[in-house]
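For reference, the structure is listed below as structure tokens.
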Amino acid sequence: MTEGFQPPPYPYDRLDELKAVADALPGGCVDLSIGTPIDPPPAAVVDALAGSGAERGYPPSIGSAPYRRAAAGWLARRLGVTVDPDGLAACVGTKEFVVGTPSFLKLRAPDRDTVLHPQVAYPSYAMGATLARCRSVAVPPSPDGTLDLDAISAADAERALCLWVNSPGNPAGRLDDLGAAAAWGRAHGVPVLSDECYVEFTWDGPPRSILEHGIEGVLAVHSLSKRSNLAGVRAGFYAGDPELVTYLREVRKHAGMMVPGPVQAAAVVAWEDDAHVDEQRARYRRRLELMAEVLAEAGIPGELPPGAFYLWVPAPDGDAWALTRRLAADGGALVAPGEFYGGEDHVRIAVVQPDDRLELVARRLGRASR
Ligand SMILES: Cc1ncc(COP(=O)(O)O)c(C=O)c1O
3 MTEGFQPPPY PYDRLDELKA VADALPGGCV DLSIGTPIDP PPAAVVDALA
53 GSGAERGYPP SIGSAPYRRA AAGWLARRLG VTVDPDGLAA CVGTKEFVVG
103 TPSFLKLRAP DRDTVLHPQV AYPSYAMGAT LARCRSVAVP PSPDGTLDLD
153 AISAADAERA LCLWVNSPGN PAGRLDDLGA AAAWGRAHGV PVLSDECYVE
203 FTWDGPPRSI LEHGIEGVLA VHSLSKRSNL AGVRAGFYAG DPELVTYLRE
253 VRKHAGMMVP GPVQAAAVVA WEDDAHVDEQ RARYRRRLEL MAEVLAEAGI
303 PGELPPGAFY LWVPAPDGDA WALTRRLAAD GGALVAPGEF YGGEDHVRIA
353 VVQPDDRLEL VARRLGRASR
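The numbers in the sequence shown follow the working numbering, run straight up by one, and end at 372.
What follows is the structure in structure tokens.
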């Protein structure tokens, strides 16, 4: 028996039993557990994927010039920030970047060993620390929901390879103070990595990027997965501090990280179009409101989030697993217990099913409560 690293159970695999419970209801399971898009991407994107002719040769690891120009154009158009296309580079979706970057940062700063991340968060920030043989340190929220940067001890700051911020955040959709995070990073010499994959699903006010606060010492990380319903093709990019971008794009070339050529061609079409994102925003907004009503009628009140497409609902008696089981057994809805994200007394409900499936959940919950 090896004493080395044993991968923990993958969180969503822990829901298999409850999925079977939900599936046993007539009409089957309504899966609201993983934030995986189900709506179609634009037809022009799919056409570009099939017809680019880019499958034969190796694709540029940093992204083709059109890919980087399209990403920079999108940043300017949608987020109002100007970045030189040479100051950004492609990543294979953002999860690999989130998990892989601490290892690359550790290689050039071997005396540091800590990844800072929000306490209630996407679990891959902590997994990136583990896979880099580092420790992860959770930063608690302030009462207003932004990161309590004053809670980071001087010792942890000195050991930090990076601080992750995520706004709008998974799972709660919270909006962070990105200017304060950038300033903290600069004051402490710690790169601030801003995961902005939900930025176009900001409901309270305009979309915000850390790059609005200057590029020194920060990176913004973006993805087509959620914006364009392209989680299956794996395309994203990172932009910001020129020295960090240059280091990462060189080391990632050596590591063989490449967005496939046909995906790069399709991504250009996706980054250049905004109409499909506006349609998707309307869908998610409607589903968030519908699902919040369904839950309130079942005696499970919750608030609409300021961003992203999750309801982050407090379990009525604080027992998130009990609520997860109840929603599976009575509503046939599979949801994610907050424990997966470090928030034990909540459940996360991803509104990634069509309205008729959410209405099916409503009917089932109504029947169960009669
Ligand atoms: C906060 C956050 N970051 C990154 C990702 C990964 O997205 P991608 O498909 O770009 O790898 C997700 C996916 O759910 C997420 O919630």
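Heads up, the beta-carbon is just placed ideally off N, CA and C, and yes, glycines get one too. Note that the structure is predicted; figures quoted are calculated from it, not measured.
Which one or two residues does DSSP pair with D197 in a beta bridge?
N168 and V223
Which of the three DSSP states, helix, strand or coil, is assigned to L306?
coil
Any beta strand (DSSP E) of 3 or more consecutive residues that is wholly inside the region 283 to 345
312 to 316
In the DSSP assignment, the beta strand (DSSP E) including A78 goes from what residue to what residue?
From DSSP, A78 is part of no beta strand (DSSP E) but of the alpha helix (DSSP H) over A67 to L81.
Kindly indicate the opening and closing residues of the alpha helix (DSSP H) around S138.
Run containing S138: none in the alpha helix (DSSP H); it sits in the beta strand (DSSP E), R137 to V141.
Contact between the region 29 to 40 and the region 246 to 257 (3+ Cβ pairs under 8 Å)
no
Indicate the three-state DSSP secondary structure (helix, strand or coil) for A233 in the structure shown.
coil
Under the DSSP definition of a beta bridge, which residues are partnered with G181?
Note: G181 sits in no beta bridge, so no partner.
Curious, which full-length alpha helix (DSSP H) runs of at least 4 residues does the region 12 to 55 contain?
18 to 25 and 45 to 53
Is it right to say G30 is buried, meaning 16 or more other beta carbons lie within 10 angstroms of its own, or is it exposed?
exposed
Going by the DSSP bridge assignment, what does F378 pair with across the sheet?
No answer is possible for residue 378: the residues shown for the chain start at 3 and end at 372.
CB contact flag (G334, W205, <9 Å)
no
Nearest-angstrom beta carbon gap, L165 and T103 [assumed within contact, 8 Å]:
Not confirmed; about 12 Å, so no contact.
Starting from the Cα of R229, find the closest Cα among E198, A322 and A91 and give me that residue.
E198
Candidates V83, A111, S66 and V101: closest to A91 by CA position
S66
Among L177, P193, P112 and V247, which has the Cα closest to the Cα of A159?
P193
Give the DSSP-derived three-state secondary structure of P262 in the structure shown.
coil
Just reading off the alpha helix (DSSP H) that V349 is part of, what are its end residues?
Unbroken run through V349 is the beta strand (DSSP E), H348 to A352; no alpha helix (DSSP H).
Quiz: which residues have CB nearer than 6 Å to ligand 1 non-hydrogen atoms:
G37, G95, T96, K97, V100, Y124, N168, N172, D197, C199, S225, S227, A233 and G238
Determine, using beta-carbon pairs with one atom in the region 258 to 265 and one in the region 80 to 94, whether at least three such pairs fall under 8 Å.
yes
Are three or more beta carbon pairs between the region 73 to 86 and the region 211 to 229 nearer than 8 Å?
yes
May I ask which residues mark the beginning and end of the beta strand (DSSP E) holding L118?
T116 to P120
Since G238 and V220 are thought to touch, with beta carbons under 8 Å apart, how far apart are those beta carbons, to the nearest angstrom?
About 16 Å; that fails the 8 Å criterion.
Looking at the structure shown, is Y385 part of a helix, part of a strand, or coil, going by DSSP?
Shown here, the chain extends from 3 to 372; a query on residue 385 therefore has no answer.
Identity of the residue in I217, M129, V167 and A322 nearest V201 by Cα:
V167
Three-state secondary structure assigned by DSSP to A174
coil
DSSP three-state assignment for A272, whether helix, strand or coil
helix
So which of D347, V337, D358 and P356 has the shortest CA-CA distance to D15?
V337
How big is the Cα-Cα spacing for T148 and P173?
14 Å
Beta-carbon separation of D280 and P316 under 9 Å?
no
Taking one C-beta from the region 175 to 195 and one from the region 317 to 326 each time, how about it: are there three or more such pairs within less than 8 Å?
no
Among Y124, L180, Q266 and A370, nearest to I64 - alpha-carbon criterion:
Q266
If we ignore side chains and look at the alpha-carbon of each, how far apart do L163 and E341 end up?
25 Å
Among G6, A156 and Y312, which one has its Cα closest to the Cα of R283?
Y312
What is the DSSP secondary structure of A157, counted as helix, strand or coil?
helix
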